[in-house]
Each structure stands twice: as structure tokens, then as C-alpha cells.
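J.: Numbering (this note's numbering), first residue to last: 850 to 1055.
The beta-carbon is built from N, C-alpha and C at its ideal position, and this holds for glycine as well.
Being a predicted model, the structure only gives us computed values, none of them experimental.
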């Protein structure tokens, strides 16, 4: 089965200036095709990814079109590692799935998104991908991820965190990583001006 956008198969060019979200054009078009390919058997992950892409679009509403398109693309592919398991660390698996595609430039954002650094330590799986060059977009992806429910609907970060805690055992590497990442997540919220949400997360300790 051919992987969309892979250099050895169908080529997806990134045309700067294309409208964000246009199917088959620009980074977001390529990202949507790749996301649907890898998450074809995981409808909830697809719905979540579409929701994160919408949240990224909102965060980058005033950005230049090409930057907004790349932000949307990052939201679409951030969880493709759940559909292409190699190491068990979904962020790293997703980044590896981007290798050889026109979206390889998003690999650092995918590899290090949300609590990836902390989960890497908890699982003992090193991330052999450079960290993102744009800390603001990295923070944006975390804010978008934790502001989107598993079914793709907007959700308050404190409720998203509570949902994660309900779905995983307390001794899970996911929860270990979540606990270790809270200060960094609060900083990400504040970087994007979400001070009220940051205060709520900080106050509840969730």
C-alpha cells in the first residue's frame, strides 16, 4: 500500500501561498491525506486530530497563510504514531512516519509534542529527532492538543487532563509524564495568553 506523500510513491508538493486546509494542496492537504492513511482504523484519533487542527487554525488566525497552513498540518499529523507503532512512544513513531515525505520538516514538532519529552524519560525511549526550532509553535500544539477532546470537540485544558487521568492507570508512563509536565504545560498556556486556563490548571493540580 502506497503511503500518501512518500517520496518513493505519490508526491505531495508544499506550495507556499495555498489556502490552508485545501485538500491535496499545501502542507495541510498533504497532512490530512497522511493522517487519514495512518489513522484509517482509528476514527477517534482522526476526529481528535481534526479538532487539534481547527484549534491550531484558531491560534494562528492572524499569522501569514503559509505559517497558518503549517500549523494546521502539525495538528493533523501530531498523533499519526498511534497508527504506525514502532517504539511504543507515539510521538517518536509519528515523526519516523514523516521521514521521506514532503512533511518531514514537521518531524521535530511531532516528535516533541505535548508531554513527549517526559514520556520518553518514563518509557526509557530516547527521542533521536532534533527539538523544534520554533518554541512558540511547539507550545501552540500542546495548547491545541490539550484543548481538544478525544472526539475532536473543544474542551477546557483542566477537563482534558482529568479525562487523560481517567483513561490511564496511575502508574502508566502516560500519567507519570503528565505529572512531570504540568509546569511546562502551564508555561505553554501563558505563552499563548491563556492565563485564566493556566491559573485553573495550576490551582486544581490536574
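Just to confirm my understanding: we take residue 934, look at its own chain, exclude 5 residues before and 5 after, and list those with CB closer than 7 Å. What are they?
T.: 942
J.: Specify, as a first and last residue, the run of the alpha helix (DSSP H) that residue 1015 falls within.
T.: 1006–1016
J.: Taking all protein chains shown into account, do 16 or more other C-beta atoms lie within 10 angstroms of the C-beta of residue 894, making it buried, or fewer, making it exposed?
T.: So residue 894 counts as buried.
J.: Quick check: what's the CA-CA separation for residue 900 versus residue 1026?
T.: 23 Å
J.: DSSP three-state label for residue 975, please.
T.: Three-state result, residue 975: coil.
J.: Measuring CA to CA, which of 974, 973, 990 and 975 is closest to residue 981?
T.: 990
J.: If you reduce the DSSP assignment to three classes, tell me which class residue 936 lands in.
T.: Here DSSP, grouped into helix, strand and coil, assigns residue 936 to coil.
J.: Quick one: which unbroken alpha helix (DSSP H) runs of 4-plus residues sit fully inside the stretch 896–955? Chain order, please.
T.: Counting only runs of 4 or more, we get 914–926 and 939–946.
J.: So for residue 1000, helix, strand or coil by DSSP?
T.: coil
J.: Might you give, ordered along the chain, the residues of its own chain that have their beta carbon closer than 8 Å to the beta carbon of residue 938, omitting 5 neighbours on each side?
T.: 930, 965, 968, 969, 972, 974 and 976
J.: From this set, 1051, 985, 958 and 1035, which residue's C-alpha is nearest residue 978's C-alpha?
T.: 958
J.: For residue 1006, count neighbouring C-beta atoms within 10 Å of its own C-beta (all shown protein chains included) and say buried if the count is 16 or more, exposed if not.
T.: buried
J.: Relative to the C-alpha of residue 1051, which residue among 1041, 1043, 1040 and 1032 is closest?
T.: 1032
J.: So what does DSSP say about residue 890, is it helix, strand or coil?
T.: coil
J.: Looking at residue 896: is its Cβ nearer than 7 Å to the Cβ of residue 924?
T.: no
J.: Please name the residue, chosen from 891, 877 and 1029, that lies closest to residue 918 on a Cα-to-Cα basis.
T.: 877
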